[in-house]
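J.: Please read through the structure below; I'll follow up with questions.
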Amino acid sequence: MSNPLRISAGDLEADAIMDAIEDGRRVVITTTAAQSEYEVTLRYDGSVYYCDTPTRLHRHETEREMRTCIRNMGYGAAAEDE
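Counted from 1, the sequence shown has number 18 at position 15 by the working numbering; the numbering is strictly sequential.
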């Protein structure tokens, strides 16, 4: 298994995050909520996308669902055309 890609929320656009997880890498994102810093791990097992937060493991069945999660949670940088 390759080393995880460690980034802060907003460092990369969703496309780059998706490329990394679809290549088999885990993406560990450091983010802040309620004045607390925590890590979220995004990964893909070849059929299901996972978003592992400190309190819950979210499953996303499609790439579109995962991209929506990345966008809604602020993990990815805003695209140039947004």
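Cβ atoms here follow ideal geometry from the backbone N, Cα and C, with glycine treated the same way.
When you compare each of Ile73, Asn75, Ala81 and Arg28 to Gly49 by their alpha carbons, which one comes out closest?
T.: Sequence index remark: in the sequence shown, residue 49 carries index 46 (1-based). Comparing Cα positions, the closest option is Arg28.
J.: Can you tell which of Pro57, Asn75, Glu42 and Cys72 has its C-alpha closest to the C-alpha of Ile1?
T.: The requested residue 1 does not occur in the structure, where the chain is confined to residues 4 to 85.
J.: Determine whether the beta carbon atoms of Arg67 and Tyr53 lie at a separation below 8 angstroms.
T.: For the purposes of this step, residue 67 is taken as residue 64 along the sequence shown, with counting starting at 1. For the purposes of this step, residue 53 is taken as residue 50 along the sequence shown, with counting starting at 1. Contact: no.
J.: Please go through the same chain and pick out, in chain order, the residues whose beta-carbon is closer than 7 angstroms to the beta-carbon of Asp73, but skip the five residues on each side of it.
T.: Indexing the sequence shown from 1 puts residue 73 at position 70. A small fix is needed here, since residue 73 is Ile in this sequence, not Asp. Once the five neighbours on either side are set aside, the close Cβ partners of Ile73 are Ala17, Ile20 and Gly79.
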